[in-house]
Every structure is written in C-alpha cells, then in structure tokens.
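Here's the structure, in structure tokens; my notes come after.
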Amino acid sequence: MLPRIGQPLDRVDGRLKVTGGARYAAEFPPSTVGAGLVHAVLVQSTIARGTITGFDLGAAKALPGVLAILTPDSTMPLPDVKPSSAVASIPMLRDRKVRYQGQHIAVVVADTLERAQDAASRVVVHYATEPAVTTMEDGLKGAYKPHSFANGRQPPDTSRGDFDGAFTGAAIKIDETYVTPIEHHNAMEPHATIAAWNGDRVTVYNATQSVSGTQQTVATCLGIAPRQVQVVADFIGGGFGSKGVTWPHVVLAAIAAREVGRPVKLVLTRAQMYSSNGYRPKTIQHVRLGADATGQLVAIGHDGLAQMSDPELGEFTETVGIASQMLYACPNVSVTHRVVPIAAPLPTFMRAPGEASGVYALESAMDELAVALKIDPLDLRLRNYAETDGHEGKPFSSKSLRDCYTKGAALFGWDKRPLTPGTLRSGDKLLGWGMATATYPMNRGQAEATVHVFANGSAVLRIGSQDIGTGTYTVLTQVVADALSLPPAAVRTELGDSRFPKAPGSGGSQTVASCAPAAQAAAQACRQKLIDMTLADGQSPFQGRGAEAIDFIDGNLVLKDQPTTRIAIGDVLKRAGTERIEATAGSRPGDEKQHYSMHSFGAQFVEVSVDPELGEVRVLRYVGAFAAGRILNAKTGRSQLIGGITYGIGMALLEETLVDRKTGRVTNPTLAEYLMPVHADIPDIQTIFIEEDDALVNALGVKGIGELPMVGVAAAIANAVYHATGRRVRDLPLRPEKVLGLTI
Ligand code: MOS
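3 is the number of the first residue of the sequence shown in my numbering; add one for each residue after it.
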C-alpha cells in the first residue's frame, strides 16, 4: 500500500556528498553570496570572570587588509535583547563584562582569512580580573531551582505518592550518586556563517539545525523584521543539538557584514567550538531506589544537579529526572532538578538531552538493585514494566518495549548470562554482559509544505526544514513519491531555506514526525487537484465517474475497477494546458498528548571485555532493539541507530571535556585530545526495529529516532563492566584508572 515508505532507499543526496557537490555554509562562493567576500575572526576572553578595562587595537589596525575591528566600544547600538528561547545566549559585545573563558569580546574583519587571524592575534585586551568559580564542585553551594524548565511542560520538582515513607520502609534499598562529565557535540562540520546584506535585507548562510530559528534570532537581535532575513542551509554536517539554537557568532557575522558593507564569512575553529556553542553540562545525580523482596519497585528518587553558566547568559537545565518519572511502574516517585551556576558558557541540548545523562544514572541504579536482589537485570525490568505512564496518568499511544526486551535478548543470547560477576573470560580478559532500557519522548511541531507537480511528470517538495545529515531529504522524497505514486527519482526535495513554508528546528527528534505529515498533506492536496482536473476534463476517460473511483498507480490516475483505464499525471496537466500545479498544506499536533503519553522505547545489550591489568574496556558485541513507530527508511533509520549507539559508546568510555580549575580554560579542545570512538572501537552493531502502527502520534505513525538509540548505552556498558569485574564505576567516562579502582 505504501510501497516506498519503509524501503531502504539510498540517500538521494549521497552522490552530491561523496563527490563534494553538497555545499555547506562556509562553502558558498562569492558568485552566490556576492562579490567582495571578506573574513571575520573572533577574539575571545582569556579570563573566566572580570571586566575589560581597555583594548589596544593599534597593532592590529595597522596591518594591511584589516577592514574593521568590532569591540563592545565600537559596535553600533543593538536592541536590548534578553535571553529567551529564541536568543539562547545574549549576543556578545554588549558590555565589557566577562562571564566565562572564551567569551567573544571582539571581531576582526579583513580581506583574507590569514590577515584576519593575524590581526586578531594582535588585539591586546586589558582586564580587571575577578575570582571565578570554574568547576561544579566549587559552585555547589550556589545551586538553585531553575526558573525555566523543560519548555514549561512541567515544574523542576515533581512527586507522586510518598517517596520518603516508601523508601524508608523498603526491604531493599539502593542509594548512590552518579556523575557525568561535560561533553561537546563535535559535529564534523564546524559552526560557520556567511552574512551578506542587500539594502536592509540580509542573507545568512548558516550551519544550523533550524533555518526558521536562525531567521527569528537574527531578526530579533538586529531589530529588523524576520522577512528581512533569509537563512540558507542546504547541507549540515551534523549538529547534535549544538546547532539547534543560534549562537552569538551568527549575529556577530551579520553585524560585521553590515559594518564593512561586504559579505562576511565567519567560521569557528575547532577549539572555539568548545566555548561558543553549548555543551552537555556535568551532572551529579543522586538516585534512590526502594524495592520489596520480590523486586517490585516501591520508591524512585532522582535528584539531579546540573552545571550551568552565569544566569545572565540565560538558563539551561539538563532534565535528568524526566524519564525516571515514567519508565517503571512505581507508586512513590520524587524527582528534583537544581542548576549550579559557575563561570562557564551556557550549556545546551546535546543528543538525547536529559535522557542520555539521566537514564545512565537510573539504569545503573536498576542494575545495582538487580544485584542486591540477586535477580537477572532484564527480569527486574520486566517485573516493573509500566503498562501506563504513571507520571502523566495516561495510557501510552503505543509501547512495544516488551518486544524490544525479548527480541533483543534473544538475538544477544541473554538467557545464557551467568548471574555472578567475574565468571566470563576469554583468554586473559574478563567478559561482561550488560543491558539497559532506552526511552525518548515523541516530539512534533507545526510544519507547512508546498508540493509542485509538473507536466513532465516530476514533482518538487519545498519545506523550511533542514537535513542535519540524517536523511531528511531522502525520507521526505519517499513520502511525496508515495503519495503521488511516482518513482523517487521523479521527486526532488528542497530544504534549508527560510523562504520555504515554515517548519520547526531539527531538534528533539521531531523532524520527520513534524515534516513528513506536512509533505504528505501537500502531496495529497496535489493529488486532489489532479483528480479534480481530470474530472473537469470533458475528454477524460474518467467521464461520469467520481473522485472515489480513482487511484494513483505508477504515476497514473487509474480507475480502481478498471485498471486499464488510466492517464499519466503529466498528461492531466498537459490536457489542461498547465505546466505546473502546486499546493501548500500543513500538519500540527492536536490535543492527542492530553489523552496519551507518547514515547519511543528500546533495549540495549552489550558484551564488553576488560583487561584486568590495564583497565581497558572494549565493546565486543552490541544488540539494540528499538520501537519508534513507523520507520520511513530502513537504511537511513539503521544508520541513525548505529550513530546513536556509537555516540553512547563514546559517552560511556571516552568523552569528557576537561576544564582547568584555575583559568576555566578547556584543556582538551581538539579532536586529538577530546577522545571519541573511531571505527576500531565499534563492533558490528546489530539492530532490530520493532515496527509499531501508531495512528495517534501523527498521520504517518512516526515517533522519531534521532536521540533514542543513544539513551541507555552508557548504563548498559557500565553494567557490563560491573558484570565483568565486580567493580561498580559511577562516574563517566569509564577510563582505565576508574575501572582498575585507582584514585588519581
Ligand atoms: Mo537534539 S540535542 O534535540 O538536536
């Protein structure tokens, strides 16, 4: 019925990408952005807190090719913009106050990149330095309850039942603290912006997860109307949340371009991306689980502390406890969130924000509970399976977690797992098997789309979304091809332009759930137009029949009861003397979330080896089983799963941003020193999709899979390391010294 949806269609943009034909933000040439393209380089603070008392710009200005140096003193006045959802972090150069190491304090523009870099290095800054709290540990006494939380969906603290009473009286108790470090997104493509003015309008070529969000933020910060801002993002080389909000450098590029009257390109260096575009903040999570002697949970407590910036920059809370509210059946639950402000940049969303860190803690504690009960960890999950969402008090629109557990366990061979840790060996290595649950909410926003159908039998979809590298071009092409019964090659999808119908940002795994129904609705509206046209055609073979008698097969309008009677889509247009038809339609959430809880789920199974002398952990085998509604493309979908699990392996074993306590400076701001998995670290990951038919989430039954697959990975690996060694590490990443139990 839906022949192209679900098929493992190759990426429609694959050839462009492997041939270098795909253009990323920094690659738009002067022939596109305008002649006279010049380069901007940022100057960043070298102290963590204080005030700039003066700049010496003489040496920089004297260099050839330098066109402008913007500082807090020289910038033209800007509207007074407060941090908000549209403006995550206040645009810099507003005042002389320094709130963190690496804050943008000047922008140098020159005719070549090298000259701009040279001049930026010669800007001398004088500071009145103030003492700065640069680590979460040192700032704990400043912890406060966040004012804005989870987009206002709920307060930071929630509870049901009587946690204290139930925990106190529980037969078995787990009471532990888990720590996750700062992590940076490290997308392959750097953050980059080209800004080009034409009169009072600016075009912004930007590496962004949201062309609509960039348009809004740039307009707000510059005090102009959104229609005066066009944002272009044809291709994005990964974002993982760091490109979800529009950071100050984007606005600064637009300001610089206006100052010099030429198009300006501003590309962040890899090192600058450790202070300029958010990060996953460090968390300290206190988890308490109480159970009766049969392993039934009676109390769940999750108290999360998350590191934050100076609140003047905005507010971001890592929502670590949200999943603990609903993942298991339990009558007594208490969740709290506090943020710890320090002299650091504003944190932000990073792949599976909240769940990645929070489920690590919860699922580690669940493993500890299984050990205390001497039962299998999967058995413990099944004994506490939530048939309904206990937090929202609603049924799930669909939940196939039980299938994820059983199919994943079967493929892994989980039933052969010995209960006692330290019993599996291979040569001189210890082996361990671990598992954890994954969950992520179904998110969806309002989206509009336009579909054009041409007399040559082709179609074009336009939607103001963007493909962050995950396959959006491909799956939306499949949706439109399906609706019109065209081959995918006859459909072209155009994304990444704020002039296209508005769509939400690519965050919260919502892109396909939001945009695919809109694309389908627009294609179906074209379909209706074609039917109307052919019925209005006195010479058509469908004379005397109604719309309900007509189907679309292989690019033809076909009589259902007489399939040989058909007319090609292009011929309908030709006979009407029309070169092209178009239709715009939209899709948005209704009140379904008031009646149903909507989540995707999964189960993670892993085998690790641990070198007992070196403490090195290797991932040997991985099985992930996931239920996320309908999967529109089995190939790009599987790639999402592999990517998410790989991201989780990095979180478990390698990733950690290190900050020098004295200066607040990141000491490992390079891909050489910020460790991430490479191919040699990743086994052949086996994935299973449990297909769900969920008509409640949206017209296509899509829940989204961008973040789900990384949730629980770190816990599964930490649990496997415990199973191998009998040593519980509650502090990520699982570096060798921790696995060996050494204190460094
Ligand atoms: Mo994702 S962290 O919501 O881009």
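Glycine included, each C-beta is placed from N, C-alpha and C at the ideal position.
Model, not experiment: these values are computed from the prediction.
Beta-bridge analysis with DSSP links Thr-495 to Leu-463. Using a 10 angstroms sphere on the CB of Asn-153, the tally of other CB atoms stays under 16, which defines it as exposed.
Short note on Met-352: C-beta closer than 7 Å to some heavy atom of the ligand MOS.
Taking a cut-off of 8 Å on C-beta distances, the segment 626-645 touches the segment 596-605, as three or more cross pairs fall below it.
Beta bridge pairing from DSSP links Ala-112 with His-41 and Val-68. Take Tyr-180, set aside five residues on each side of it, and the residues of its chain with a beta-carbon closer than 7 Å to its own are Gln-287, Val-289, Tyr-362, Ala-363, Ser-366 and Arg-732, in chain order.
For Phe-242, the shortest separation between its Cβ and any heavy atom of the ligand MOS lies below 7 Å.
When the beta-carbon positions are compared, Val-100 and Ser-47 come within less than 8 Å of each other. Counting the other Cβ atoms within 10 Å of the Cβ of Ile-196 gives 16 or more, which makes it buried.
A contact between stretches requires three or more CB pairs, one per stretch, nearer than 8 Å, and the segment 253-264 fails this requirement with the segment 341-357. Beyond the five residues adjoining it in sequence on each side, Gln-9 comes within less than 8 Å, by CB distance, of Gln-480, Asn-635 and Ala-636 in the same chain, given in chain order. The straight-line gap separating the alpha-carbon atoms of Ala-451 and Ala-524 is approximately 6 Å.
Distance from Pro-735 to Leu-655 at the Cβ level is roughly 5 Å; contact confirmed, criterion being Cβ atoms closer than 8 Å. Here Thr-205 is near Val-234, since their CB atoms are less than 8 Å apart.
With respect to His-41, Ala-118 sits close: the two C-beta atoms are nearer than 8 Å. Taking 8 Å as the cut-off, the Cβ atoms of Val-741 and Val-621 do not count as close. Residue ranges of uninterrupted beta strand (DSSP E) with 3 or more members, entirely inside the segment 407-470 and ordered along the chain, are 426-428, 431-443, 449-456 and 461-464. At least one heavy atom of the ligand MOS sits closer than 7 Å to the Cβ of Gly-510. Taken through DSSP and simplified to helix, strand or coil, Thr-205 comes out as strand. Secondary structure in the segment 558-640: the alpha helix (DSSP H) runs of 4 residues or longer, each lying completely within the stretch, are 571-577 and 594-597 in chain order. For the pair Ala-372 and Asp-294, the CB atoms are not nearer than the 8 Å cut-off. Taking 7 Å as the cut-off, one finds no heavy atom of the ligand MOS near enough to the beta carbon of Gly-410. Fewer than three beta-carbon pairs drawn from the segment 386-398 and the segment 574-586 are found closer than 8 Å, and the two stretches are therefore not classed as touching.
In the DSSP assignment, Gln-512 falls outside any alpha helix (DSSP H) and carries neither an H nor an E.
Closer than 7 Å to some heavy atom of the ligand MOS: that does not describe the Cβ of Gln-468. Three or more pairs of CB atoms, one per stretch, sit closer than 8 Å, so the segment 241-259 contacts the segment 184-201. The C-beta distance from Gly-588 to Ala-449 rounds to 6 Å, short enough to fall under 8 Å.
Taking C-beta atoms as the reference points, Pro-519 and Thr-586 fail to come closer than 8 Å. Lys-245 is not bridged by DSSP to any residue.
A check of alpha carbon separations from Gly-708 across Gln-522, Ala-440 and Gly-743 identifies Ala-440 as the nearest.
In the DSSP annotation of this structure, the continuous segment of the alpha helix (DSSP H) that includes Glu-139 starts and ends at 138-141. Assigned with DSSP and collapsed to three states, Gly-650 falls in helix. Note on Glu-185: 16 or more other CB atoms within 10 angstroms of its CB, so buried under the neighbour-count rule. Uninterrupted alpha helix (DSSP H) stretches at least 4 residues long and entirely within the segment 351-382 occur at 357-375, given in chain order. In the DSSP annotation of this structure, Thr-672 is not part of any alpha helix (DSSP H), being labelled neither H nor E. The beta carbon of Ser-212 sits closer than 6 Å to those of Gly-507, all from its chain and outside the five residues before and after it, given in chain order.
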